[in-house]
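In our numbering, the protein residues as written are 4 to 453. Virtual Cβ for every residue (Gly too), placed ideally from N, Cα, C. Small disclaimer: the values here were computed from a predicted structure and weren't measured.
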């Protein structure tokens, strides 16, 4: 949903908030590794809602910040309830050299404790706690008449920490990762037509991701002596990534508006070698591509308040040169099952949503529903005992969100949310992964903008 809060502030503060928005999601798009269900986006990360903030300024120094905290009760069917919560923080001190050049040092952090499932490329895994920290220095340079164009080089470093359901500390998370990279973004404004404000955004990123705790099973073949027998695929999940993106926004204060975004992620894995259909490691390294297309449509009406109805559409396509050789539970090589294009899939998400802001009360109610389906190209579903079915695997997720937001003043907001998620699949083999689950989260909290 789009909010009208920025209309209440000065043109400079609005400009600064808009200036930062493209970079709040500047971390590498690793969503397929954190949760193929949530956005197939920590491969295009997760995408999170950008916190909105406004600044306090002197002649040169401007501070933009946002802080949110939500105590949460999370319930997972069959596992009980978990008390937790979430904290989101954004701090962006900005130095203004002049009206066209800005140096920004942004910290964007997140912590939450709740029931959650994320994908390790094969299936959904449980975790209860997660935190992410990203530091991004950037330089924005405006040029052209009326500052119509801008170019922004940036550098970023991200660290994540996981706590799975197994006991262990933050530093021991198997899927903890580190990202280091650079980015370059180009914006072109004043491209609207028919009364709408239009803008074009182009971006590119290069980064390296490392998993300090992840060790290949091949590299730990002599696990009793902690020695490697093969000394191969030691860093099998580490990779270099390139992201190219393009987006166009066409927005009106009332009436119809839309946004379209396309992203392509290319992953070159450092040590992961392609296994052929005979179960033999080849000399070829794994390469992955993820294409993502997102379209947001919404219509705003001023009817004794503000009514907004929207529809979000996502389409993702993943292609990989990696195969899968399944020898689990077999005693004869003739019983092993090879699968080509095991990691290839297509997915789509449909999410209608509606919100209403009361005219005489600073209260906004929002309701959204989403349906997502992942269809694997060649991966076959399994029976509960591990035998293969004669049908391709698919996974679905349905989600309903209801939220209330009350504006106390320009700085403080109170928020409440109920989120219900139901996931399912035709894969009945849950000896390692859990495909069918139901989660309900109840959250109440507050946000503060500075």
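Residue nearest to residue i in terms of C-alpha spacing, selected from the options
i	options	result
residue 88	71, 294 and 138	71
residue 450	65, 62 and 69	69
residue 171	97, 96, 107 and 131	131
residue 271	239, 248, 137 and 298	239
residue 104	62, 153 and 77	153
residue 453	96, 75 and 84	96
residue 356	349, 377, 315 and 385	315
residue 397	431, 253 and 442	431
residue 401	354, 269 and 360	354
residue 113	360, 279, 162 and 312	162
residue 110	159, 387, 441 and 288	159
residue 327	252, 261, 94 and 381	381
Reduced DSSP category for residue i - H, G, I as helix; E, B as strand; rest coil
i	result
residue 299	strand
residue 149	helix
residue 413	coil
residue 387	coil
residue 174	helix
residue 196	coil
residue 453	coil
residue 265	strand
residue 373	strand
residue 287	strand
residue 87	strand
residue 272	strand
residue 380	strand
residue 82	coil
residue 280	coil
residue 224	The predicted model places residue 224 with a pLDDT of 46, which falls under 50 and marks its position as unreliable; any figure quoted below should be read in that light. Of the three classes helix, strand and coil, the one that applies to residue 224 here is coil, per DSSP.
residue 438	coil
residue 216	coil
residue 140	strand
residue 393	strand
residue 45	Confidence in residue 45 is poor, its pLDDT being 33 and thus under 50, which makes the residue's placement unreliable; the coordinate value appears in the next sentence. Reduced to three states, the DSSP call for residue 45 is coil.
residue 241	coil
residue 363	coil
residue 343	coil
Burial state of residue i (16 or more Cβ within 10 Å)
i	result
residue 216	exposed
residue 368	exposed
residue 390	exposed
residue 435	exposed
residue 148	exposed
residue 65	buried
residue 345	buried
residue 286	exposed
residue 62	exposed
residue 426	buried
residue 258	exposed
residue 198	exposed
residue 358	buried
residue 91	buried
residue 384	buried
Chain B within 7 Å of residue i, Cβ atoms only
i	result
residue 451	No chain B is present in this structure, which holds just one protein chain.
Residues that DSSP places opposite residue i in a beta bridge
i	result
residue 257	Note: residue 257 sits in no beta bridge, so no partner.
residue 292	269 and 322
residue 402	373 and 424
residue 355	314
residue 204	190 and 250
residue 350	319 and 377
residue 157	141 and 186
Please specify which runs of the beta strand (DSSP E), each continuous and at least 3 residues long, are wholly inside the stretch 305-331, giving them in chain order. 308-323 and 327-329
Which full runs of the beta strand (DSSP E) of 3+ residues lie inside the stretch 93-133, going along the chain? 104-122
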